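Here the structure is laid out as structure tokens; the discussion comes afterwards.
Residue numbers (the working numbering), protein chains in the order written: chain S, 1 to 193; chain F, 1001 to 1184.
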């Protein structure tokens, strides 16, 4: 596979985990972190415990993972896997983070459809959904904190919100149009290259 | 509708949406709800929010929710089709975004000085912020059918932001409140 030493990634450690280690480590992350906070756990396991990456290169990876489409944690495992072992590394890392948790979830899902007539299960899930809704809301506020003095960013966010919630415009055109406008507004000035 | 047709609708829907899940998986929840409940009727509103709670509480990335939507869509054709559709749904939502991320993780540091990269880094954040709040409103409305449920959600949000208590604690408390019959 492609040599990753030419990507300019600065790793201070000489860690060189193999495919199996990548798989096992990401599985450990997945099962440590139920109930959210997964990026916290992957930092703890990958940086603090296994010393595979420095904190700085981890944060760079997380930024790229957040910017590009796809679930953050899946993207982060793609990034980590590709640093060490290229494409096969990414696949091993994704498999690690998702294969067993997903299979477990599918089994729980089958049980749900089989027995959803039982009212205790429904009531439990109603409670869990309320908690999950609260956590989803907290994500918005966490990111809002970053932009609280950037009025242009807040204006863009409000317009996007109104388009989706107020006018019920579909997501795809809203992302394409507002993304293009926002990128042109934030285009770096006086730094042509 | 045959099992194959359902499978194809599921796969096509999630392939199409994959590249628009910016800022993490949650940004698509509104679109998932629109497709799964309103357009195709794979699930009822109640099932949608139940499964969302299940995906959040189970270990692993919460984006695995998509697999449960696929499972629900395939369920009417039997458990075997439900599983096939569930795994396919997850593959479909992950495939396009993963390919893009793979390319990005190889090239990102080479693009360090590109104005495209800078505009992309700064410009996409505000859009994501707007989407996240819109999604939160949809989730709150889908998940909560009583004032007490809304109250629980706002409390969880507050404590997650202001304290370092593990979210697992709130999941436990809300689950218990649910079982005791306070939520609906």
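No residue lacks a Cβ here, since even glycine has one placed at the ideal position from N, Cα and C.
Values in this document were obtained by computation on a predicted structure and should not be read as measured data.
Does the ligand SAH have even one heavy atom less than 8 Å from the beta-carbon of residue i?
i                     : result
residue 29 of chain S : Because no ligand of any kind appears in the structure shown, any question about the ligand SAH cannot be addressed here.
What is the rounded straight-line gap between the Cα of residue i and the Cα of residue j?
i                       : j                       : result
residue 8 of chain S    : residue 111 of chain S  : At residue 8 of chain S, the pLDDT of 43 sits below 50, so the modelled position is not reliable and the matter cannot be decided from this model.
residue 1110 of chain F : residue 1085 of chain F : 39 Å
residue 62 of chain S   : residue 173 of chain S  : 26 Å
residue 1134 of chain F : residue 1125 of chain F : 14 Å
residue 1070 of chain F : residue 1009 of chain F : 10 Å
residue 1045 of chain F : residue 126 of chain S  : 12 Å
residue 17 of chain S   : residue 122 of chain S  : 43 Å
residue 1127 of chain F : residue 44 of chain S   : 30 Å
residue 1004 of chain F : residue 27 of chain S   : 32 Å
residue 102 of chain S  : residue 1136 of chain F : 24 Å
residue 1076 of chain F : residue 1006 of chain F : 10 Å
How many whole angstroms separate the CB atoms of residue i and residue j, which I take to be in contact at a CB cut-off of 8 Å?
i                       : j                       : result
residue 1178 of chain F : residue 124 of chain S  : 5 Å
residue 1138 of chain F : residue 1030 of chain F : 4 Å
residue 133 of chain S  : residue 1080 of chain F : Not quite, the Cβ-Cβ distance comes to about 32 Å (not below 8 Å), so this is no contact.
residue 1159 of chain F : residue 1165 of chain F : 6 Å
From what residue to what residue does the alpha helix (DSSP H) around residue i run?
i                       : result
residue 20 of chain S   : 19-32
residue 101 of chain S  : 72-115
residue 1155 of chain F : 1147-1162
residue 148 of chain S  : From DSSP, residue 148 of chain S is part of no alpha helix (DSSP H); its letter is neither H nor E.
residue 1032 of chain F : 1029-1033
residue 1136 of chain F : 1115-1143
residue 1046 of chain F : 1045-1057
residue 1092 of chain F : 1079-1107
residue 163 of chain S  : No alpha helix (DSSP H) holds residue 163 of chain S; DSSP gives it neither H nor E.
residue 1015 of chain F : 1003-1018
Quick one: does residue i have its CB under 9 Å from some CB of chain F?
i                      : result
residue 54 of chain S  : no
residue 16 of chain S  : no
residue 44 of chain S  : no
residue 163 of chain S : yes
residue 12 of chain S  : Caution is warranted here: a pLDDT of 45 is assigned to residue 12 of chain S, below 50, making its placement in the model unreliable, and no coordinate value can be reported.
residue 8 of chain S   : Note that residue 8 of chain S scores a pLDDT of 43, beneath 50, so its modelled location is shaky; the value from the coordinates is reported in the next line. True, the Cβ-Cβ gap to chain F drops below 9 Å.
residue 5 of chain S   : Caution applies to residue 5 of chain S, whose pLDDT of 41 falls short of 50 and renders its modelled position unreliable; the value that the coordinates give is listed next. Taking Cβ atoms only, chain F never reaches closer than 9 Å to residue 5 of chain S, which makes this a no.
residue 142 of chain S : yes
residue 48 of chain S  : no
residue 63 of chain S  : yes
Can you find a CB in chain S that lies within less than 9 Å of the CB of residue i?
i                       : result
residue 1021 of chain F : yes
residue 1171 of chain F : yes
residue 1077 of chain F : no
residue 1041 of chain F : no
residue 1027 of chain F : yes
Chain S contacts from the segment 1001-1018 of chain F (Cβ-Cβ distance under 9 Å) = 1016, 1017 and 1018
Return the residues of the segment 1134-1150 of chain F that lie within a Cβ-Cβ distance of less than 7 Å from chain S, sorted by chain order.
-> 1134, 1135, 1136, 1137, 1139, 1140, 1143, 1144 and 1149
With 8 Å as the limit, tell me which residues of the segment 1053-1067 of chain F have their beta carbon closer than that to any beta carbon of chain S; keep them in chain order.
-> 1053, 1054, 1055, 1056, 1057, 1058, 1059, 1060, 1061, 1062, 1063, 1064 and 1067
Residues of the segment 70-92 of chain S with Cβ closer than 7 Å to any Cβ of chain F, in chain order | 70, 71, 72, 73, 74, 75, 78, 79, 82, 87 and 90
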